[in-house]
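Trainee:
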Amino acid sequence: MQLAARNAQWALTLDMSRCTSLAEVADSLAEGPLPRLGVDRCFLAVYTDDPLSRPAHSGDDSPEPGPANDDGLRARLILNYRHGASGPVSSEVYPIGRLLPTALQGELESGVLVFQPLRASDRELGYILFEQSHGPSQVTEWLRTDLNRALGVLFSMQAQAQAEERLQQAISELHRRAMSDGLTQLANRAHLEEHLAIQWGALARADGELALLMVDVDLFKAYNDHYGHLKGDEALRIVAHYLAGAARYPQDLACRYGGEEFVLALPGANLGSARLVAQRFMESLARAAIPHAASTVAPVVTVSIGIAVGRPQDAVGPWTLLEHADQAMYRAKAQGRNQICTAAPEPGSSEPRLPQPRGSEPAADPALWPLPLDPASPPARWPLSRSSPQPVGVVLPAPRPHRCRRRRWYGSLVLRGRAALNTGANSWSQVPLASVPWMCTGMPGPPVNPGRQSPTTTRPEPHPRPDVVSDLSP
Numbered sequence: 029m030q031l032a033a034r035n036a037q038w039a040l041t042l043d044m045s046r047c048t049s050l051a052e053v054a055d056s057l058a059e060g061p062l063p064r065l066g067v068d069r070c071f072l073a074v075y076t077d078d079p080l081s082r083p084a085h086s087g088d089d090s091p092e093p094g095p096a097n098d099d100g101l102r103a104r105l106i107l108n109y110r111h112g113a114s115g116p117v118s119s120e121v122y123p124i125g126r127l128l129p130t131a132l133q134g135e136l137e138s139g140v141l142v143f144q145p146l147r148a149s150d151r152e153l154g155y156i157l158f159e160q161s162h163g164p165s166q167v168t169e170w171l172r173t174d175l176n177r178a179l180g181v182l183f184s185m186q187a188q189a190q191a192e193e194r195l196q197q198a199i200s201e202l203h204r205r206a207m208s209d210g211l212t213q214l215a216n217r218a219h220l221e222e223h224l225a226i227q228w229g230a231l232a233r234a235d236g237e238l239a240l241l242m243v244d245v246d247l248f249k250a251y252n253d254h255y256g257h258l259k260g261d262e263a264l265r266i267v268a269h270y271l272a273g274a275a276r277y278p279q280d281l282a283c284r285y286g287g288e289e290f291v292l293a294l295p296g297a298n299l300g301s302a303r304l305v306a307q308r309f310m311e312s313l314a315r316a317a318i319p320h321a322a323s324t325v326a327p328v329v330t331v332s333i334g335i336a337v338g339r340p341q342d343a344v345g346p347w348t349l350l351e352h353a354d355q356a357m358y359r360a361k362a363q364g365r366n367q368i369c370t371a372a373p374e375p376g377s378s379e380p381r382l383p384q385p386r387g388s389e390p391a392a393d394p395a396l397w398p399l400p401l402d403p404a405s406p407p408a409r410w411p412l413s414r415s416s417p418q419p420v421g422v423v424l425p426a427p428r429p430h431r432c433r434r435r436r437w438y439g440s441l442v443l444r445g446r447a448a449l450n451t452g453a454n455s456w457s458q459v460p461l462a463s464v465p466w467m468c469t470g471m472p473g474p475p476v477n478p479g480r481q482s483p484t485t486t487r488p489e490p491h492p493r494p495d496v497v498s499d500l501s502p
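For our numbering, add 28 to where a residue sits in the sequence shown, where the first one is 1.
1. Quick check on the DSSP output: the alpha helix (DSSP H) that includes GLY300 runs from which residue to which?
2. Look up ARG126 in the DSSP assignment and say whether it is helix, strand or coil.
3. Are there three or more Cβ pairs, one per stretch, closer than 8 angstroms when the region 229-240 is compared with the region 338-352?
4. Beta-carbon within less than 7 angstroms of ALA263's beta-carbon, same chain only, minus the 5 sequence neighbours each way: which residues are those?
5. Provide the residue(s) that pair with PRO145 in DSSP beta bridges, ordered along the chain.
6. Where do the ends of the alpha helix (DSSP H) carrying ARG359 lie?
7. Can you find the residues in the same chain that come closer than 6 angstroms, C-beta to C-beta, to ALA268, ignoring five residues on each side of it along the sequence?
8. Does DSSP put GLU289 in a helix, a strand or coil?
9. Decide if ILE124 is buried, meaning its Cβ has at least 16 other Cβ atoms within 10 Å, or exposed.
10. Where does PRO327 sit, in a helix, a strand or coil, going by DSSP?
11. Mapping DSSP to helix, strand and coil, what is TYR277?
12. Mind checking LEU140: buried by the 16 CB within 10 Å criterion, or exposed?
13. Figure out for me which residue from GLY115, LEU247 and GLY100 has the closest Cα to the Cα of LEU107.
14. How many whole angstroms separate the CB atoms of GLU519 and ASP244, which I take to be in contact at a CB cut-off of 8 angstroms?
15. Would you decide whether PRO295 is buried or exposed? Buried here means 16 or more other CB atoms lie within 10 Å of its CB.
16. In the DSSP assignment, what are the bridge partners of ASN216?
17. Could you pull out every residue in the same chain whose Cβ sits closer than 8 angstroms to the Cβ of ARG102, ignoring the five residues on either side in sequence?
18. Beta-carbon within less than 8 angstroms of SER312's beta-carbon, same chain only, minus the 5 sequence neighbours each way: which residues are those?
19. Using 8 angstroms for Cβ pairs, my map puts VAL142 next to LEU157. What's the rounded Cβ distance?
20. For ALA306, collect the residues of the same chain with a Cβ closer than 7 angstroms to its Cβ; drop the 5 residues on either side in sequence, then sort them by chain order.
21. Where does the unbroken beta strand (DSSP E) through ALA371 begin, and where does it stop?
22. If distances are taken between C-alpha atoms only, which option among SER161, GLN160, LEU175 and SER138 comes closest to GLY154?
23. In this structure, how does DSSP classify VAL117 when only helix, strand and coil are distinguished?
24. From the DSSP output, in three-state form, read off VAL245 for me.
25. For ASP68, which of helix, strand or coil comes out of DSSP?
Encoded structure:
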């Protein structure tokens with residue numbers, strides 16, 4: 029008999045230690061330990077408020093448990109075990125003074141139910157009601173100890189998960205506030221920089237286009253002087269609202285660039301679709317009819333928009349593209365405001381890029397890639413102008429053995445059909461173009477041997493734009 033009781037105790041302890049949820053605690057009790065311990069009826073309830081925030085009573089001042097000790101705390105039932113089977117559990121939340129839900133109040137009128145409060149780390153977690161017909165007399169202590177331990181661990185894990193969730197929400201909210209404009213709730217310039225960097229990389233892989241709209245509210249200083257700054261802030265909010273409505277796709281971003289200037293980024297949009305978006309935005313703003321009595325353009329608030337479109341393959345950077353959109357916007361203002369002007373990036377004004385190996389581009393004339401006067405001390409960003417000096421026959425140190433996966437390359441340049449590679453500490457070596465480890469420098473290299481194809485990595489591509497239309501003439 030003692031051996032059977034000891035085995036039942038060990039089984040109870042083992043089952044409780046494996047539980048990771050309240051449902052598992054209830055199922056483990058009903059399926060295993062309770063029948064072996066001679067328990068005929070068992071009801072397990074937990075408190076519905078935060079159990080870790082309610083201190084347990086201790087010492088001589090501890091009140092007697094039961095209906096008289098109802099101080100507003102509420103509970104819910106998680107185990108309804110009667111006569112060897114687990115019954116349905118009511119979802120009712122009830123005051124602990126009633127001990128059981130309404131449907132089970134009759135169980136309190138028959139037999140003798142032992143009430144045992146459950147506590148962990150001096151915190152009240154819930155209680156258990158049970159009736160034992162036979163078995164060891166230590167059942168009360170076993171149930172209390174093992175349930176206290178199991179529920180304490182579960183509630184601690186739950187509290188930790190809730191704290192982590194609140195922390196993540198706070199971090200997300202701080203990030204949102206840091207990346208948004210306080211007045212208009214649009215993205216700010218920091219958010220725009222981050223977004224353009226991400227989208228530019230995706231467009232480079234997908235050979236896509238990026239359209240940028242620079243928007244300026246016409247004669248906004250006159251609006252502030254006439255209506256006051258509070259009315260001016262309200263007008264900016266309305267303009268921002270309609271501009272945000274023009275960003276219809278997940279990758280689109282509306283941004284307050286500064287003052288009365290806004291930017292709308294449209295990754296994947298060509299010139300035709302960008303003009304269409306700009307026209308729809310201007311029509312929406314015209315329907316809003318914000319009064320502007322001080323305007324010499326129209327009796328309502330209007331905007332001037334500059335559009336620039338480019339792609340990474342054309343060596344146009346996002347900030348160069350933004351500069352072109354800004355210039356187009358000023359041209360729209362100079363031509364009378366309340367209109368759209370477009371700008372195409374000029375080839376000579378593109379951002380510099382690294383030289384490409386032969387075969388990847390037409391016209392691989394080495395004269396297109398000038399070298400610094402002193403190859404031993406190259407500048408941080410080499411000039412790529414055709415007018416720069418073209419040193420010929422530069423003597424470089426002897427070549428070093430190149431191990432692509434073990435050596436970090438700091439730069440490269442093309443010298444009359446050969447490549448000069450900087451291996452750090454101003455140490456340069458000259459090797460044939462075909463042997464340059466282009467995969468280390470991040471530049472596309474010569475054609476790969478078909479028998480040894482380089483592994484490719486699948487990367488997310490930009491979201492498709494169903495609204496891309498044929499380019500419209502400006």
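Glycine is no exception: its CB is placed at the ideal position from the N, C-alpha and C atoms.
Mentor: Let me spell this out:
1. Here the alpha helix (DSSP H) through GLY300 covers 299-316.
2. It is helical.
3. Yes, since at least three Cβ pairs between the region 229-240 and the region 338-352 fall closer than 8 angstroms, the two stretches touch.
4. Excluding the 5 residues flanking it on each side, ALA263 has same chain C-beta neighbours closer than 7 angstroms at TYR251, ILE318 and VAL329, in chain order.
5. According to DSSP, PRO145 shares a beta bridge with TYR155.
6. Start and end: 346-362.
7. Answer for ALA268: THR212 and LEU214, listed in chain order.
8. Residue state, collapsed to three classes: strand.
9. The residue in question, ILE124, is buried, as its Cβ has 16 or more Cβ neighbours within 10 Å.
10. Reduced to three states, the DSSP call for PRO327 is coil.
11. Coil at TYR277, not helix or strand.
12. Here residue 140 is Val; the residue named in the question, Leu, does not match the sequence. VAL140 should be labelled exposed.
13. For LEU107, the closest C-alpha among the options GLY115, LEU247 and GLY100 is that of GLY115.
14. Nothing in the structure corresponds to residue 519, since the chain is present only between 29 and 502.
15. Looking at its Cβ environment, which holds 16 or more other Cβ atoms inside 10 Å, PRO295 is buried.
16. ASN216 pairs with nothing; no bridge assigned.
17. Cβ within range, chain order: TYR75, THR76, ASP77, VAL121, TYR122, PRO123 and ILE124.
18. Closer than 8 angstroms at the Cβ level, and outside the excluded window around SER312, lie TYR270, GLY273 and ALA274.
19. Going by Cβ atoms, the distance from VAL142 to LEU157 rounds to 7 angstroms, so yes, they are a contact pair.
20. Around ALA306: LEU241, ILE333, ILE335 and ILE368.
21. Its beta strand (DSSP E) spans residues 368-371.
22. The residue with the shortest Cα to Cα distance from GLY154 is LEU175.
23. VAL117: coil per DSSP, three-state reduction.
24. Residue state for VAL245 is assigned as strand, using DSSP reduced to three classes.
25. It is a strand residue.
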